[in-house]
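Presented below is the structure to which this report refers.
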Amino acid sequence: MIEQILTNCISKACLELFGTQPEDQQIQIQKTKREFEGDLTLVVFPLVKMSRKSPADTAKMLGEHLQNELTEIVRFNVVQGFLNLVVADAYWVDFLKTYANDQQFGKLKSKNQAPVVIEFSSPNTNKPLHLGHVRNNLLGHSVAAIVEAAGYEVKRVNLVNDRGIHICKSMLAWQKWGHEITPEKAGKKGDKLVGDFYVLFDQKNKIEIQKLMETGVEAKAAEKESPLMIEAQQMLQKWEQGDEEIRSLWKRMNDWVYSGFDKTYARMGIRFDKTYYESETYLLGKSLVEEGLTKGVLIKKEDGSVWADLSDSGLDEKLLLRADGTSVYMTQDLGTAKLRYDDYRAGKLIYVVGNEQNYHFDVLKIVLKKIGFDWADRIKHLSYGMVELPEGKMKSREGTVVDADELMEEMFQTAKNLTSELGKVSDFTIEESAELFEMVGLGALKYFILKVDPKKNMMFNPEESVDFTGNTGPFIQYTHARISSLLRKANEQGITFDEIVDFGFELHPKEIRILHQLHEYPSTIALAAENLSPAMLSNYIYDLVREYNQFYQEVPIFKETDRNKMVFRLQLSKFTAQVIKSGMELLGIQVPDRM
RNA sequence: GGCUCCGUAGUUCAACUGGAUAGAAUAUCUGACUUCGGAUCAGAGGGUUAGGGGUUCGAAUCCCUUCGGAGUCACCA
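Below, the structure written as structure tokens:
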């Protein structure tokens, strides 16, 4: 591409003109700012040391050299230390000719490397998925697609936390007050039903704690000693011992939850290549800890608990096995990491997990290395920020949790209401309409969440999320629908635009801007993959769409009397639509042909 | 309290990882061919990038410091 051509040429020019060859990093090429003439800009400051001339003179010399050497560069101007280069129309036209009909445009060549394993979602089986999981799921799904587009083999895996005290709480509450109810009898999704019992446990338990405290027991002690809590712990022990009754109830209730999750995942449009269950991996973790003990890299204390001493890494000691021999979260994660690595021999292990677990992942890597696994370096924690609501943090106990299913349904309804109001698709069948509302509603939700840099905390304002104007998913979908409409019309009128025609005319500035933006699609995918950031891709698509809409507004297509120009513009539009669709697909968002 | 992260228009987000006069959207105000689809486009106002100091040709970005916020430091996950 043009950037590479320029870099090579500038490098040679420096050698010829100034006698030194610069590092590639010193050659900084960026998009020219809107207010100046040009397409690409070279920042010359890093080169003035070797040129021993003023920035302006350096820029001028390089500009003249480039203009003489490269047919792609037709003009240049110098503003302060910036060399603005005007790229020849022929280059852009050639670019369009080469790629406009390439369905794979943007996708990078296969790297032929070890697969990238990406874990996301990782739910607990005691309650339904909420807004926090939504960000996780959307991020994981999109990052996987982006990394795949960048040429890697990707494996999507889920890790279900299906064992532990929290599940026992739901089970116990169901046993006591459930009256043998099932999701079918209750007419409820399984994950919701189980979640209800989790809440019920908490309510009943609170009452008991209150009573204990009234008899003079300290709050902390009361929380541990409440009869319900003790009963739940006993249940957990029975579970670990393999008690048949408990295991079968556990399996039954977990299955309810899974069928609920499946529905949520399906509507969200996400899938996994493999699902790991902690109940199946925690024993492996234990054996890894044993291994560490024999190697002498872990320590056993007098009470029998096992610890990792991380003081040489500047951290504290970390518990790996309880005194009673049962495992903790870290133990299980050691096991799953090993299992996963062995399953795929992964070149990279990505974990999509909230930033509240940053410390956990630091420790995980260090402990794995201590035990002797060099591949611990391949672990990459995609640490994303929390989703906050206008009224503050989501708290399950205060009922401010935004439920994933309800949220999706609300978005569907909003799309339905708005679309009906506009009345543009009143000829759609019921099925077609439903499909469209789903596309638009979920598109709005997904884009709203993915456009924010994953690392940052984000604000989820329900009122703003249902706004479909501006920098939103529906805005992008609308542009796609509009282009589709244009192309339909061309077809109806029998205008063919797949043929390469004679481009012997000057390009409109708006056309160049669109072509320039399209030109950057492959490098944007590479950048987004490197940074594990769907936000970078989102912003790219948004910019593309804005450029197109400006073009659309200013430049006539069917009214154009020059047939060649008209055909060119149709082809440009088609190419734009294709990149919009391709990019949105990497975000997990579909685009309609009409809306 | 220790450690980590964050602080950008009223609000929600950008700024290609140190480059030009910090950009969008939203909200507010104004305008657009009786429309190739107005879920669009154009324009206006809105900023001491939390405050202060430093590093250099150049800082929202790097360093120090103060203030403010979040997370974490469990024999929870």
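In my numbering, the protein residues as written are 33 to 627.
All C-beta atoms, glycine included, are put in the ideal place defined by N, C-alpha and C.
Relative to the Cα of residue 171, the nearest Cα in the group 569, 79, 372 and 579 belongs to 569.
In the three-state DSSP reduction, residue 426 falls in the coil class, being neither helix nor strand. Collapsing the DSSP output to three states places residue 601 in a helix. Under the three-state reduction of DSSP output, residue 535 falls in the coil class, being neither helix nor strand. In its chain, beyond the 5 residues on either side, 133 and 603 have a beta carbon closer than 8 Å to the beta carbon of residue 530. The beta carbon of residue 469 sits closer than 6 Å to the beta carbons of 444, 447 and 448 from its chain, once the five residues preceding and following it are set aside; these are given in chain order. DSSP, reduced to helix, strand and coil, places residue 548 within a helical segment of the structure shown. Here DSSP, grouped into helix, strand and coil, assigns residue 582 to helix. Around the beta-carbon of residue 211, fewer than 16 other beta-carbon atoms lie within 10 Å, marking it exposed. Taking each of 226, 535, 522 and 611 in turn and checking the Cα distance to residue 554, the smallest one comes out for 611. Taking 8 Å as the cut-off, the beta carbon of residue 416 is found no closer than this to the beta carbon of residue 149. It is roughly 6 Å from the alpha-carbon of residue 412 to the alpha-carbon of residue 381. Comparing alpha-carbon positions, the option among 123, 180 and 147 lying closest to residue 141 turns out to be 180. With respect to the 8 Å criterion, residue 314 and residue 265 are not classified as neighbours on the basis of their beta carbons. Secondary structure remark: continuous alpha helix (DSSP H) runs of at least 4 residues inside the region 207 to 246, in chain order: 215 to 218 and 222 to 246. Taken through DSSP and simplified to helix, strand or coil, residue 126 comes out as helix. Listed in chain order, the non-local C-beta contacts of residue 539 below 6 Å within the same chain comprise 121, local neighbours out to five positions each way being set aside. Here the region 283 to 297 makes contact with the region 202 to 222; the two share three or more CB pairs at distances below 8 Å.
For the 8 Å CB-CB criterion, residue 384 and residue 162 do not form a contact. Across the structure, residue 243 and residue 229 are spaced so that their CA atoms are roughly 21 Å apart.
In chain order, 33, 34, 124 and 127 place their CB closer than 8 Å to the CB of residue 551, counting only its own chain and leaving out the 5 sequence neighbours on each side. A Cβ-Cβ contact shorter than 8 Å links residue 515 with residue 605.
A buried status is given to residue 169, since no fewer than 16 other beta-carbon atoms sit within 10 Å of its beta-carbon. Separation of residue 51 and residue 39 (C-alpha to C-alpha, rounded to the nearest whole angstrom) is 16 Å.
Comparing alpha-carbon positions, the option among 275, 504 and 608 lying closest to residue 519 turns out to be 608. The beta carbon of residue 166 is closer than 6 Å to those of 436 in its chain, skipping five residues each way along the sequence. Per DSSP, residue 66 has no beta bridge partner at all.
Between residue 476 and residue 452, the gap from beta carbon to beta carbon reaches 8 Å or more. Where residue 339 is concerned, the enclosing beta strand (DSSP E) starts and stops at 338 to 341. If you draw a straight line from the Cα of residue 158 to the Cα of residue 258, it comes to about 20 Å.
By the neighbour-count definition (other C-beta atoms within 10 Å, threshold 16), residue 271 is a buried residue. Nearest to residue 346 by alpha-carbon distance, out of 492, 136 and 394, is 394. Per DSSP, residue 564 lies in no alpha helix (DSSP H) and is assigned neither H nor E. Judged by DSSP secondary structure, residue 413 falls within the beta strand (DSSP E) whose first and last residues are 411 to 416.
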